[in-house]
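This report concerns only the one structure given below.
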Amino acid sequence: MSKQESIKIMRILRVYYPAYFKTRKKEELDDFIKTFITEFEDFDYNLAYESIFSLAKDRFKNGNKYCPNIIEMKNSIINSMISLILEVLDMMKEEGYFKIGINGTGRDAELKEFYRYDNVLESLEKGHLTYSVRKEIEYRIDNVEEYKKYKGILLLQYL
0 MSKQESIKIM RILRVYYPAY FKTRKKEELD DFIKTFITEF EDFDYNLAYE SIFSLAKDRF
60 KNGNKYCPNI IEMKNSIINS MISLILEVLD MMKEEGYFKI GINGTGRDAE LKEFYRYDNV
120 LESLEKGHLT YSVRKEIEYR IDNVEEYKKY KGILLLQYL
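Its first residue numbered 0, the sequence shown is counted upward by one per residue in numbering that gives the first Met the number 0.
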């Protein structure tokens, strides 16, 4: 995410939490801006924007008048990213990706498909997907219109 994109996200925070920005000294705001830009530079802009906007909106609705901190915002983005990847994996499962090459029928084939899917989820949790699964996820993110906008650096680094 670029510096300009980071500033766009900070504008959202300023709209929801004007008191936070008005009560800070110039040095504190400068530090916040520098930290924000540094901490979020590797994130996908669209995913970060939607995650932080949703977080701020939900907190505001619930009467929380305090601006979320960097860790809360990062966790929100990472949770959104994981949800997106799980959506893509579910789509792959529905389309039979995990059945490809499985011999047999019935319960035995279903168990093999389940274990293959489960191994991908475990690998994702540990952060090391196989090359072919990673490429398949990238392909789907590139070619499914609703996911296309999220193809960012961190999303692909996470895989």
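Ideal placement from N, C-alpha and C gives every residue a C-beta, glycine not left out.
With a Cβ-Cβ cutoff of 9 Å, do Leu85 and Leu154 count as a contact? Reading the sequence shown from its first residue, position 86 is the one you call residue 85. Reading the sequence shown from its first residue, position 155 is the one you call residue 154. Taking 9 Å as the Cβ cut-off, Leu85 and Leu154 do not qualify as a contacting pair.
Just curious, the alpha helix (DSSP H) that Gly105 is in, first and last residue? Translated into the one-based positions of the sequence shown, residue 105 becomes position 106. Element bounds for Gly105: 105-125.
Below 9 Å between beta carbons: does that hold for Ser79 and Ser53? Here the question's residue 79 lines up with position 80 in the sequence shown. Here the question's residue 53 lines up with position 54 in the sequence shown. Cβ atoms of Ser79 and Ser53: closer than 9 Å.
For Asp29 and Tyr149, which I take to be in contact (beta-carbon distance under 8 Å), what is that distance rounded to the nearest angstrom? Your numbering for residue 29 matches position 30 in the sequence shown. Your numbering for residue 149 matches position 150 in the sequence shown. That belief does not hold up - the Cβ atoms of Asp29 and Tyr149 are roughly 30 Å apart, past 8 Å.
Arg139 lies in the alpha helix (DSSP H); which residues open and close that run? Position 140 of the sequence shown, counted from the start, is the residue given in the question as residue 139. Start and end: 130-142.
Thinking C-alpha only, which one of Asn68, Glu40, Thr37 is nearest Tyr16? Counted from its first residue, the sequence shown places residue 16 at position 17. Nearest of Asn68, Glu40, Thr37 to Tyr16, Cα basis: Asn68.
Whole angstroms is fine: what's the gap from Ser1's alpha carbon to Ile51's? Taking the first residue of the sequence shown as position 1, residue 1 is located at position 2. Taking the first residue of the sequence shown as position 1, residue 51 is located at position 52. Whole-angstrom Cα-Cα distance: 16 Å.
Gly105 classed as buried or exposed, judged by whether at least 16 other C-beta atoms fall within 10 angstroms: For the purposes of this step, residue 105 is taken as the residue at position 106 of the sequence shown. Its Cβ having fewer than 16 others within 10 Å, Gly105 is exposed.
Segment contact flag, the stretch 113-131 with the stretch 87-96, C-beta cutoff 8 Å, min 3 pairs: By the Cβ test, the stretch 113-131 is in contact with the stretch 87-96, since at least three Cβ pairs between them sit closer than 8 Å.
For Met0, report the span of its alpha helix (DSSP H) as first-last. What you label residue 0 is simply residue 1 of the sequence shown in a count that begins at 1. That residue, Met0, is in no alpha helix (DSSP H); it is neither H nor E in DSSP.
Assuming Glu112 and Lys98 form a contact by the criterion Cβ under 8 Å, report the distance between their Cβ atoms to the nearest whole angstrom. As a position in the sequence shown, residue 112 is number 113, starting the count at 1. As a position in the sequence shown, residue 98 is number 99, starting the count at 1. Contact flag correct, Cβ pair sits at about 5 Å.
Name the two residues that bound the continuous alpha helix (DSSP H) containing Glu40. Translated into the one-based positions of the sequence shown, residue 40 becomes position 41. Note, Glu40: premise wrong, no alpha helix (DSSP H); not H, not E.
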